[in-house]
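Presented below is the structure to which this report refers.
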Amino acid sequence: MASRSARKESTVDTANTDTSTVDADTTTDVVPAAHYEAETLRNITSFEDALAVAGMTMGKLDDAAEVLGDGFALLRTDGAKAQLVGKPMVLLEWSFYAGDFGDDFAAIRLVVKEPNGSISKYIVNDGSTGVAKMLKQYSDRTGRNGGLVIRNGFRESTYTYCQVCASAKCEVPDIHSKTKGNHIDATTYYIDTSL
Ligand SMILES: [Zn+2]
Numbered sequence: 004m005a006s007r008s009a010r011k012e013s014t015v016d017t018a019n020t021d022t023s024t025v026d027a028d029t030t031t032d033v034v035p036a037a038h039y040e041a042e043t044l045r046n047i048t049s050f051e052d053a054l055a056v057a058g059m060t061m062g063k064l065d066d067a068a069e070v071l072g073d074g075f076a077l078l079r080t081d082g083a084k085a086q087l088v089g090k091p092m093v094l095l096e097w098s099f100y101a102g103d104f105g106d107d108f109a110a111i112r113l114v115v116k117e118p119n120g121s122i123s124k125y126i127v128n129d130g131s132t133g134v135a136k137m138l139k140q141y142s143d144r145t146g147r148n149g150g151l152v153i154r155n156g157f158r159e160s161t162y163t164y165c166q167v168c169a170s171a172k173c174e175v176p177d178i179h180s181k182t183k184g185n186h187i188d189a190t191t192y193y194i195d196t197s198l
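Per the working numbering: the sequence shown = residues 4 to 198.
Below, the structure is given as structure tokens:
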């Protein structure tokens, strides 16, 4: 601690200047830890150790996603979209980006009202003939890309997808369905437009 304050006093207050406080001859120094004993640091041998030591020494651990991010969690899988079925939501905004097959994907930032009155904040990516296509048509027609209320959330539609035909419409269902894994259950999510 003593060496740290000495170092600080020896530098000019640069809060309002562009000058760096790091002197050329200090860049190769290992700055002693201000809050941790050397032995404690030496004894960190796992990620769990680091979590425990930092939490104990600093009083608590903050999660960067919460304190530096905007609190919106990315829903990573199609299955996770099941959480959005039937719940009131506000689409704050969305944008489109190109997917692997040139289709328009939609990245949607939305807030969901949970049955217990709390809210969930999500970023949802969708490239389906459901939600993404509906939003694309709406945006193309109106020029809007946000501020959409969905009273009843998403609606899910399950169907059988043929991996061989790469389509929901199997050309030869009698043959393809015989091999296990050819026909899989798939789900498309739509915006529920009912009142
Ligand atoms: Zn098929």
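Think of the CB as a built atom: it goes at the ideal place given N, C-alpha and C, for glycine as much as any other residue. Just so it is clear, the structure is predicted and the values come from calculations on it, not from any experiment.
Under a three-way DSSP split, which group does residue i fall into?
| i | result |
| --- | --- |
| I47 | coil |
| D188 | strand |
| D143 | helix |
| G58 | helix |
| D52 | helix |
| G74 | coil |
| V134 | helix |
| A9 | Any reading at A9 is ruled out, since the residue's pLDDT is 42, under 50, leaving its predicted position unreliable. |
At which residues does the alpha helix (DSSP H) containing residue i begin and terminate?
| i | result |
| --- | --- |
| T182 | No alpha helix (DSSP H) holds T182; DSSP gives it neither H nor E. |
| E69 | 67 to 70 |
In the DSSP assignment, find the unbroken beta strand (DSSP E) run with residue i in it and report its ends.
| i | result |
| --- | --- |
| V127 | 122 to 129 |
| G149 | 149 to 153 |
| L94 | 92 to 101 |
| S197 | Careful: S197 lies outside any beta strand (DSSP E) and carries neither H nor E. |
| A158 | The sequence as given places Arg at residue 158; Ala does not occur at that position. First-last of the beta strand (DSSP E) with R158: 157 to 165. |
| R112 | 107 to 116 |
Tell me whether residue i is buried or exposed, calling it buried when 16 or more other Cβ atoms sit within 10 Å of its Cβ.
| i | result |
| --- | --- |
| L54 | exposed |
| D66 | exposed |
| I122 | exposed |
| F50 | exposed |
| I153 | buried |
| K84 | buried |
| V70 | exposed |
| I111 | buried |
| S131 | buried |
By alpha-carbon positions, which one of the options ends up nearest to residue i?
| i | options | result |
| --- | --- | --- |
| T163 | D188, K183, D143 | D188 |
| F99 | L71, L198, G149 | G149 |
| K116 | Y125, T191, D81, A109 | Y125 |
| G62 | K181, H38, L71 | H38 |
| A57 | R147, A36, T145 | A36 |
| F157 | T191, R79, E40, V34 | T191 |
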